[in-house]
Each structure stands twice: as structure tokens, then as C-alpha cells.
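Just below is one structure, and these are the notes that go with it.
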Amino acid sequence: MNYRLMWRKAVNGVMLGLTGVCALLAVSVLFFILGYLVWHGGKALNWDFFTKLPKPVGEEGGGMANAIVGSAKLLLLASLIGVPIGFFGGVYLAEFGGRTFAFLVRYTTDLLNGVPSIVIGIFAYSIVVLPFKHFSTLAGGVALGIMMIPITLRSTENFLLLVPRSLHEAAMALGASKWKTIATVVIPAAYRGVLTAILLALARVAGESAPLLFTAFSNRFWSRGWDQPTASLPVMIFTYAIAPYEDWHRQAWAAGLVLLGLVLLTNLAARLVMSRGMSARRS
Amino acid sequence: MIIVKRLAMLALLLGLGSAAQAQGDPMLVNGAGATFPYPIYSKWFDEYHKLHPNIQINYQSIGSGGGIRQLLAGTVDFGASDGPMSDEQLGQAKVKVLHFPTVLGADVPTYNIPGVTQELKFTPNALAGIFLVKITKCNDAAITAPNAGVKLPADDIVVVHRSDGSGTSYIWTDYLSKVSEEWKTKVGKGTSVNWPVGLGGKGNEGVAGLVKQTPNSIGYVELIYAIQNNLPYGQVRNSSGAFIKADLASVTAAAAGTAKSMPDDFRVSITDPVGKTAYPIASFTWLLVPEKISDGAKKKAIVDFVRWMLKDGQKFAEPLAYAQIPKEVVEKEMKAIDRIQ
Amino acid sequence: MATVPIAVERAGPGWGPRTLLRRLRSGDEIAHLATLCFAASVILITTWLVYVLWVNSALPRHKFGLHFFLTSVWDPIFDQFGALPFIYGTLVTSAVALLLAVPAGLGAAIFLAELAPQRISDALTFVIDLLAAVPSVIYGLLGIFTVVPLLRKYVQPFLHSTLGFLPFFQGPHYGVGFLAAGVLLAVMVMPFIISVSREVLLAVPVDQREAALALGATRWEATWKVIVPYARIGILGSVFLALARALGETMAVTMVIGNNPRISASLFAPGYTIAAIIANEFTEATGDLYLQALIELGLVLFLLTFILNGLARLLILLTTQRGTAQE
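Residue numbers (the numbering used here), protein chains in the order written: chain A, 164 to 446; chain B, 21 to 361; chain C, 3 to 329.
Right, here's the structure in full:
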């Protein structure tokens with residue numbers, strides 16, 4: 164047995180083991196966070212939490228029902244703005260783009276990604292809140308939507324580009340026009356990655372509080388429609404966590420747990436719906 | 021087809037979200053500003069809502085400066101601030117802005133020195149010196165002098181202050197500016213200043229957390245926060261020479277002295293006041309209301325609320341560790357409410 | 003075989019001129035135009051954003067000019083503003099974050115893509131994706147309660163005693179500081195790197211791996227020398243995402259960085275980042291010069307991102323050769 168081979172095998176074992184350690188690290192961090200949230204906020208999770216409005220400090224009961232609904236509304240609006248722009252923009256870059264324009268789009272997207280969330284909040288404030296002279300769910304949705312665009316766009320482009328050229332060419336050889344190729348062959352081939360990207364973007368904006376402070380503001384009461392300020396889980400967490408009251412701290416941790424749960428549910432639902440849709444296509 | 025179905029679902033969701041406002045819906049009044057009085061304000065607005073179910077007053081704590089700015093921009097109906105508006109800011113307002121003191125609060129020096137369980141006494145010079153980096157060791161003469169019998173180590177002091185702009189910092193720096201000429205010229209007073217030294221903690225939570233974890237540290241937090249979290253805090257010497265521990269009585273005493281000399285617009289600083297039992301680092305917090313409110317219904321709601329707050333609302337203050345406003349000031353405010361049109 | 007409805011064009015060698023109607027009906031032009039509009043809207047939004055920032059930072063730009071980049075003083079009372087310590091802090095914390103997150107994230111992604119069985123891999127990735135949804139505030143609070151004490155009591159003394167000769171690990175340590183912020187940021191950006199890199203690695207064609215193995219490479223060699231380079235562009239893309247997030251992170255950083263606008267070589271020292279100071283002082287800033295100075299800081303961050311992205315892209319350009327997914 165020559166030594167070089169033994170060395171290579173040893174390196175193989177060690178490096179692969181290390182990768183396992185890395186994965187374990189990442190997963191254990193999440194379980195640690197979850198455990199912490201459950202430990203500190205679990206007591207505050209009861210039926211009231213999901214159905215009642217917030218109460219002032221010292222009074223028992225009270226919940227974050229309006230914040231949960233508010234977050235859901237904000238995320239819906241954000242997806243409506245961020246996903247189409249990101250997705251179709253990515254399609255353009257991957258399939259149609261010329262060299263300079265595509266470069267420009269990519270560059271600006273990366274720039275947009277690096278803008279601090281509070282600066283995006285300031286931007287949304289200037290273009291939505293000031294003209295209408297009041298805070299609104301719409302403004303919050305716009306801010307979050309803008310934040311979703313870069314991740315969605317770059318990842319869509321990346322995954323579409325990973326689809327082998329042979330698939331393109333096969334479809335075209337069968338006579339399909341370009342857009343048909345893209346819609347029916349390329350995108351389904353890349354859908355996993357694209358969905359991951361969209362869900363990642365959604366997860367990211369779900370936890371942002373800074374851009375909402377100046378756009379959706381917050382609301383102790385139910386928010387009707389899209390033009391009133393609305394409570395949201397991240398802002399409630401922020402407000403309660405830096406307050407002096409232990410009861411509010413517990414509610415903040417519980418809200419964190421609920422937020423994660425919301426994102427988890429959306430994740431599951433999206434994957435389920437998408438996979439059924441895709442398999443229906445393939446049959 | 022599937023895409024069409026999905027779009028239809030989306031449209032339905034959107035429709036539900038924007039359910040039209042029915043007749044007789046409650047009126048929403050928006051206010052923004054200081055974080056310090058947020059707990060008592062949320063209690064008041066909730067109680068008021070119980071009495072008047074068709075009026076919803078939504079207050080959010082985005083900071084005193086934010087409250088002032090949003091009021092000037094017209095995006096909220098009223099503001100709240102821990103520090104009074106400056107003349108410059110008042111000049112920027114399209115409509116004149118009235119100040120209404122609501123409750124009293126105080127800043128206390130909290131510390132963490134290993135081995136020290138007693139309550140420390142601080143002189144104004146000691147506090148100013150520590151924050152100006154003139155005093156760097158825990159056992160400096162200025163600190164040990166009033167604390168005979170307490171063993172203080174010879175280690176470096178770690179200073180902790182607020183990193184976010186806040187009324188709490190305003191009160192603290194306002195006090196330091198009054199007791200130290202050097203502080204006044206070198207640093208000044210404000211919600212955010214150029215601190216000569218120290219770690220910045222975000223919110224009271226941040227400062228308290230840093231102090232708790234860092235040996236030989238000293239910082240400042242709101243009185244309510246210290247009480248609610250059982251933080252050790254020291255006594256401060258007032259202008260009469262007595263070492264006072266901050267509590268509701270001593271904070272109210274600080275305001276009582278100024279009741280007679282209260283200016284008509286209620287913009288006054290009560291740090292380092294006259295009074296034997298007064299705590300030196302206390303302050304009012306104000307509601308900022310425009311003198312002219314065009315929406316008649318909103319005006320009525322706000323005016324009624326302020327009246328209620330001054331009469332019935334004050335009793336909610338003490339259970340939450342806020343100090344009530346002295347009666348003389350309340351009477352003056354009641355008269356001032358009539359100026360709102 | 004999938005029965006995909008196909009529009010069969012009357013194609014032949016040499017298309018000849020087609021009428022506008024024909025082209026429209028074929029849908030290609032519409033698709034091109036529609037997606038172009040969406041892509042262009044990104045440029046529109048970003049330009050608009052820069053415009054709003056530019057217009058709203060006029061006062062300090064006229065007052066300080068280029069000195070803004072060179073001054074270290076941040077004094078709201080006496081109206082002196084300088085961006086240098088914040089630029090420094092932003093760069094240092096992001097560098098630490100990437101140094102920690104990229105190897106760990108890539109390692110985890112390799113494990114999930116190459117070694118773990120499909121179902122475990124999917125489940126674990128799902129779990130890791132959740133990390134991206136944890137609110138910044140919660141990361142910050144957990145940082146204060148767990149990371150900072152850990153650093154102060156064990157890690158920093160350890161680093162000081164072993165690597166203390168390096169300027170990075172000298173000086174008094176408080177727990178909070180550049181290192182704490184860097185560690186927290188690393189945890190926050192890892193899910194992006196893992197998630198995206200894993201998908202990219204999974205998309206590498208099987209024949210690449212099989213060819214390497216057929217030539218006698220060990221699993222690791224096949225992965226490291228063939229697959230990862232093939233997916234290089236995608237992985238770098240995920241690093242960009244991570245960097246961007248690190249540069250712009252506000253809440254979590256401000257809770258553990260010590261918030262002291264100072265420049266110091268030691269990672270133990272407290273510092274400040276652009277995003278953190280905007281988050282801290284924006285809501286309370288009164289006075290136009292003060293407010294606009296904060297907005298100008300936002301503009302500076304934009305510029306920073308611009309330069310960093312440019313450098314990174316240059317790097318890609320210089321190192322791209324055949325054998326990647328984009329040939």
C-alpha cells in the first residue's frame with residue numbers, strides 16, 4: 164500500500180468528517196435558538212396570544228392577534244411586489260440578456276441587497292408615507308418587497324443558468340419557440356432552486372423590524388384595509404424586548420416562536436403546492 | 021390553468037385583506053414619540069378606549085426625536101417627547117405646538133462592582149468626572165469620599181451609556197451640563213452626544229445588560245427600569261447637599277419646586293432643582309399637541325383625552341412606577357387645554 | 003414522454019422576414035419585452051433610492067465635502083460628523099463574518115449535497131433555512147445573553163493567551179466588540195451560504211462526479227477539485243448574498259458591538275458600523291444637518307457596496323476559465 168494513497172484516504176476521511184461537523188454546527192444553532200425561545204416564551208403561548216389584542220403592561224391576558232395578521236398581510240404584499248420583479252428579472256438575465264444591460268442589472272441588484280434595511284424603510288417612507296401623509300400597511304409592504312427583489316433575482320438567474328444547455332437545445336430542436344422552452348422546460352427544471360430562493364427571501368424579510376418602524380408603524384388595534392398602520396410581529400418583538408417588564412419579555416420570545424412557526428408553515432405550504440403543481444404538469 | 025387558479029386565490033386573499041370599512045367604525049388617532057413613558061401611555065389609551073369604545077388612540081414609541089419629526093411632517097396627530105422641543109423646532113412647525121407634561125421620570129446610576137453590595141453615594145463631581153474620563157479608577161478619591169466603609173477596588177472603570185438617541189440620555193446629559201461646566205462646553209446635552217468614553221448599549225435593556233455582565237462598570241437607566249429589574253442603583257447628592265435615592269416621592273419633590281416658576285409653555289428642565297428632598301436627575305415628559313386641529317372629531321378626542329389624563333389618568337401612574345405631576349401644574353395645564361382649537 | 007404542447011413553427015433554413023403579428027403571436031418578443039421591463043424596474047428602483055438619498059443629504063455634503071470620509075468625530079451637539087470609524091467597523095465586522103461563515107457554510111453545504119442521504123439532507127436544509135427567518139432582534143438578544151458572556155469569559159482570554167502577539171487580540175476585552183459582532187453576523191449569514199451553495203452543488207451534472215471518481219479520485223478529491231470548482235460561480239453568488247446581508251445588518255450588530263465610534267486594530271475593542279448608527283440615531287435625530295448626515299452615511303454604505311462588488315466581480319473575471327457552469 165503506497166503512502167500517497169494512505170494520505171489521500173486520510174485527508175478524505177478528515178475533510179468529510181469536518182463537513183459533517185459544520186452541518187451539525189449549523190443545525191445545532193437553530194435548535195439552540197428554538198430551545199431558548201420555547202424555554203423563555205413558551206409560558207406566554209396560550210389561546211389568548213393568538214386571538215386577543217395587546218394589553219397594557221401588568222394586565223393578564225392580551226395577545227398578538229393583530230400582529231400575526233399584520234405580518235401575514237405585509238408578507239403577502241411584499242411577495243406580490245418582490246417575487247414577480249425578482250423572478251421575471253432573473254428570467255430575463257438568464258435567457259435574454261445582452262452583455263452590458265445584464266451586467267448593469269446584476270450590479271444594481273447586488274447594490275440593492277447591501278442597503279441596510281432601515282435605509283430602505285427611509286426610502287419607502289419618502290415615497291409612500293409622506294405623499295399620503297400617514298403610515299400604512301402598503302408602505303410596509305413596499306419596503307419589504309424591495310428587500311425581497313435582490314435575493315429572488317440573483318438566485319433565479321443562477322439556477323436557470325445551471326440548467327444544462329442540452330435541455331434548451333432539445334426543446335428548440337423539437338420546434339418550441341423560445342418562451343415556450345423557458346416556460347415549459349427550463350423553469351420546471353430549475354424550480355427547486357428558484358423556490359428555495361423565494362422562500363429564503365421571504366424568510367429574511369419576515370423578521371425585519373427596522374424598515375417597518377417608519378412605514379407600517381404599528382397599531383395596538385386591528386388594522387383595516389391597506390392604508391392604516393398595522394402591528395407586525397418583528398416590531399412587537401422589538402418594542403417588548405427593550406421594555407422593562409418581564410411579562411412583555413416573555414411575550415417577545417413567544418412572538419419570536421410564532422414568527423418562526425409562520426415562516427415554517429409558509430415554507431411547507433409552498434413546497435407542497437408547488438410539487439403537486441409540478442407533478443401535475445409532468446404527468 | 022394552475023397559474024390562473026393561483027392568481028384567483030391571491031385576488032381573494034387581497035380582497036379579504038381590504039374589507040371595506042363599515043359605517044360607525046372606530047376613529048383612529050395616531051401618536052408617536054418617546055419610549056420612556058410608553059408603558060403608562062399604553063395603559064392610559066387602553067383605559068380610555070374602554071370608556072370610549074369608538075375612539076382608538078394608537079401610540080407607538082419610535083423615540084422623542086421621531087415623534088417630533090412625524091408631528092412636524094403631519095403623519096401623526098400628536099407627538100410625545102422626553103425633552104422639550106427647541107425654539108428652532110418650534111419655528112419649523114406649520115402650526116404652533118403645545119407641550120403638556122404627563123408624568124415624571126428619573127435616571128439613576130446603576131453599577132456593578134464585585135464585592136460591593138452597599139448603596140453607593142455619588143457626588144455631581146464624581147459622576148461628571150467618570151463620564152469625562154477625568155476619574156478612571158474605582159477607588160478614586162471623589163468616589164470613596166462619601167462612601168466611607170466601602171471597599172472599592174483599584175480597577176479601571178468601564179463606562180456604559182445609551183447608544184440609541186433617547187430621552188434618558190437627554191435627562192442625564194442635561195444634568196451633567198448643569199453640574200459641570202466642562203461637560204457643558206465639551207459635550208453638551210442632547211438625546212445623542214459625542215460620549216468621551218464608554219460602551220454603548222441599545223435601550224435600557226442594553227445598558228443594564230452590559231452593566232450586569234461587566235465588572236467595575238457604571239451606567240444610567242430609567243428609574244422604572246431599575247425598579248422592575250431589581251438593579252442596584254446609587255444615591256445622588258442634590259443641590260442642598262443631601263444624598264437622595266430616587267423614588268416616586270423624591271421625583272415628585274423635584275417637580276414641586278418648579279411648579280411656581282413654571283413657564284406658560286411648560287418647557288422646563290427640572291434637573292438639579294432646589295429642594296431638600298428633591299432627586300436631582302428627574303424630568304417631565306410631554307405630550308405635543310398642535311394648537312389648531314382641523315379635524316373636529318379628532319380634536320375633541322384629543323382634548324377630552326388630555327383632560328381625562330390629568331384628572332383620572334394620574335392615578336394609574338404610581339403602580340407603574342411613574343411619579344404624578346404636582347397639582348399646581350395640573351391646574352395650569354387644564355387652563356392651557358382651552359387654547360387648542 | 004411528456005406531452006408538452008408545442009407551437010410548431012414553419013421553420014426551415016433561412017427564416018425570411020416575418021410580419022409583426024406573426025412575431026407577436028409567437029410570444030418570444032412579448033416574453034423578451036415583459037421580462038426586460040421587470041429587470042429594468044430593478045435599476046429604476048435602485049436609481050430612485052440613490053436619488054432620494056442624494057437629495058436628502060445635501061446639507062452635510064456641502065458642509066463637509068470629502069472630509070466626511072476622513073474625519074473620525076461624530077458629535078450631534080456641535081454638528082461635527084465624520085464617517086471613518088463607521089466605514090472601518092462595517093468592513094471589519096463583515097470580514098470577520100465572512101472568514102467564519104464561508105468555510106463553515108461551504109463545509110455544511112458539501113456535507114448536505116454530497117454525503118447526506120436525500121431525505122436527511124432535505125430535512126436538515128429545511129431546518130437551516132429557518133435560521134434565515136429568525137428576527138434580527140432575537141439574534142441580538144441571544145447575542146447579549148449567550149455569545150457575549152461566552153466571549154468575555156472563555157474565548158477572548160484564550161485567544162489573548164495563545165495569539166496575543168497579533169494586534170488583533172490585544173487590549174482589554176469586554177465581550178462586546180468587533181469579534182462579537184462578527185461571530186453573530188457569521189451565524190446570521192450562514193443559512194444563505196449553505197442553502198444556495200447546496201442547491202448549486204446538487205445541480206452539478208452527475209457525469210462530472212462520475213468522471214472524477216472513475217479516474218481514481220477519493221470522494222473528497224472529487225468534491226473539492228471537480229464539483230466545487232464547477233459550481234464556483236454559484237457559490238460565489240451565495241457569498242455575495244452573505245456579504246450584502248452582513249454589510250446592511252442593523253439590529254443584531256448594534257446590540258453586541260459596543261457602539262463606540264473608534265478605530266482600533268484589536269478585535270476585542272468596541273466599534274460601530276454604518277447600519278448600526280443609522281438604526282440607533284435615526285428615530286431620534288432632530289435638526290436637519292444631523293438627520294441628513296445619517297442619510298449621507300447610508301449613501302456611503304451604498305458606495306462601499308459598490309466598490310466591494312466591483313472588486314469581487316473583477317476577481318471573478320480574472321479567474322474564470324472553462325469548466326464552470328457558465329461556459
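Using N, Cα and C, we set each Cβ at its ideal position, and we do this for glycine too.
Report the residue from the options whose alpha carbon sits nearest the alpha carbon of residue i.
i                 : options                                   : result
Tyr299 of chain B : B:Val309, B:Ala52 and B:Thr291            : B:Thr291
Asp410 of chain A : A:Tyr354, A:Gly180, A:Gly204 and A:Met169 : A:Gly204
Thr92 of chain C  : C:Leu181, C:Ala314, C:Leu316 and C:Leu143 : C:Leu181
Leu425 of chain A : A:Gly261, A:Arg387, A:Phe401 and A:Leu362 : A:Leu362
Val271 of chain B : B:Lys206, B:Gly218, B:Asn224 and B:Ala337 : B:Ala337
Ile360 of chain B : B:Val199, B:Ser314 and B:Val231           : B:Ser314
Leu251 of chain B : B:Ile345, B:Val96, B:Ser259 and B:Gly229  : B:Gly229
Lys227 of chain C : C:Glu212, C:Leu68 and C:Val241            : C:Glu212
Val201 of chain A : A:Val436, A:Ala415 and A:Ala433           : A:Ala415
Phe151 of chain B : B:Ser84, B:Gly135 and B:Leu219            : B:Leu219
For residue i, which residues from the same chain have a beta carbon less than 6 Å from its beta carbon, with the 5 sequence-adjacent residues on both sides left out?
i                 : result
Leu243 of chain C : Phe194
Arg167 of chain A : none
Ala394 of chain A : Asn229, Ala230, Gly233, Ser381 and Asn382
Ala343 of chain B : Leu124, Leu268, Val271 and Thr272
Gly273 of chain C : Gly91, Phe180 and Ile259
His162 of chain C : Phe171
Thr184 of chain C : In the sequence on display, residue 184 of chain C carries Gly and not Thr. Taken in chain order, the residues that qualify are Thr95, Val98 and Ala99.
Gly388 of chain B : There is simply no residue 388 of chain B to check, as chain B begins at 21 and stops at 361 in what is shown.
Any heavy atom of the ligand COA inside 8 Å of the beta-carbon of residue i?
i                 : result
Gly289 of chain C : In the structure shown, the ligand COA is absent, as is every other ligand, since no ligand is present at all.
List, in order along the chain, the chain A residues whose C-beta lies closer than 7 Å to that of residue i?
i                 : result
Gly109 of chain C : Leu181, Thr182 and Cys185
May I ask you to report which of helix, strand or coil DSSP gives residue i?
i                 : result
Lys352 of chain B : helix
Ala36 of chain C  : helix
Gln371 of chain B : Outside the shown range of chain B, which is 21 to 361, sits residue 371 of chain B, and nothing can be said about it.
Leu179 of chain A : helix
Ile235 of chain C : helix
Lys171 of chain B : coil
Ala433 of chain A : helix
Asp66 of chain B  : helix
Pro121 of chain B : strand
Arg262 of chain A : helix
Tyr131 of chain B : strand
Ala52 of chain B  : strand
Thr252 of chain C : coil
Ala334 of chain A : helix
Starting from the C-beta of residue i, find all residues in its chain whose C-beta is less than 7 Å away, skip the five residues before and the five after it, and write them out in chain order.
i                 : result
Gln41 of chain B  : Reliability fails at Gln41 of chain B, whose pLDDT of 41 lies under 50, so the model's placement of it is uncertain and the value that follows must be treated cautiously. There are no such residues.
Ile345 of chain A : Val254 and Glu258
Met146 of chain A : Any answer about residue 146 of chain A is impossible in this case: the structure gives chain A only from 164 up to 446.
Thr182 of chain A : none
Which chain C residues sit within Cβ distance under 9 Å of residue i?
i                 : result
Asn214 of chain B : Val75, Trp76, Asp77, Pro78, Ile79, Phe80, Gln82 and Pro263
Thr211 of chain B : Pro78, Glu283, Glu286, Ala287 and Thr288
Arg355 of chain A : Glu201, Leu204 and Ala205
Report the neighbours of residue i on chain A: residues whose CB is nearer than 8 Å to its CB, in chain order.
i                 : result
Pro207 of chain C : Pro327
Ile88 of chain B  : The premise fails here: Ile88 of chain B is roughly 14 Å from chain A at the closest Cβ pair, so nothing lies under 8 Å.
Interface residues of chain B around residue i at Cβ under 9 Å?
i                 : result
Tyr176 of chain C : Val178, Leu219, Leu230, Gln233, Thr234 and Ser237
Thr256 of chain C : Ser183, Asp184, Gly220, Lys222 and Gly226
Please compile the residues from chain C whose C-beta is within a distance smaller than 7 Å of the C-beta of residue i.
i                 : result
Gly208 of chain B : Ile79 and Phe80
Trp342 of chain A : Gly29, Asp30 and Ala33
Please list the partners that residue i has in chain C, where partner means a Cβ-to-Cβ separation under 8 Å.
i                 : result
Gly388 of chain A : Per Cβ cutoff of 8 Å: no residues; Gly388 of chain A is ~25 Å from chain C at best.
Starting from the beta carbon of residue i, find every residue of chain B whose beta carbon is closer than 8 Å, and list them in chain order.
i                 : result
Tyr408 of chain A : Pro59 and Gln248
Counting only the same chain and skipping the five closest in sequence on each side, list residues whose C-beta sits under 8 Å from that of residue i.
i                 : result
Phe250 of chain A : Thr315, Leu316, Thr319, Val357 and Ile361
Leu301 of chain A : Leu240, Val291, Trp389 and Asp390
Gly166 of chain C : Gln172
Check the Cβ of residue i against every Cβ in chain A and list those closer than 9 Å, keeping chain order.
i                : result
Phe65 of chain B : Pro219 and Arg383
Who are the neighbours of residue i on chain B, taking C-beta pairs under 7 Å?
i                : result
Ile57 of chain C : Here residue 57 of chain C turns out to be Val, not Ile, going by the sequence shown. Here the premise fails: no neighbours, minimum Cβ distance about 16 Å.
- Return the chain-ordered ranges of every beta strand (DSSP E) run that is complete within the region 107-184 of chain C and spans a minimum of 3 residues. none
- Task: Give, in chain order, every unbroken run of the alpha helix (DSSP H) that is at least 4 residues long and sits entirely within the region 199-263 of chain B.
- Result: 201-206, 223-233 and 243-248
- Task: Go through the region 344-379 of chain A residue by residue and report every complete run of the alpha helix (DSSP H) that reaches 4 residues or more, in order.
- Result: 350-369
- Message: At 4 residues or longer, what runs of the alpha helix (DSSP H) sit wholly inside the region 182-226 of chain A?
- Response: 210-214
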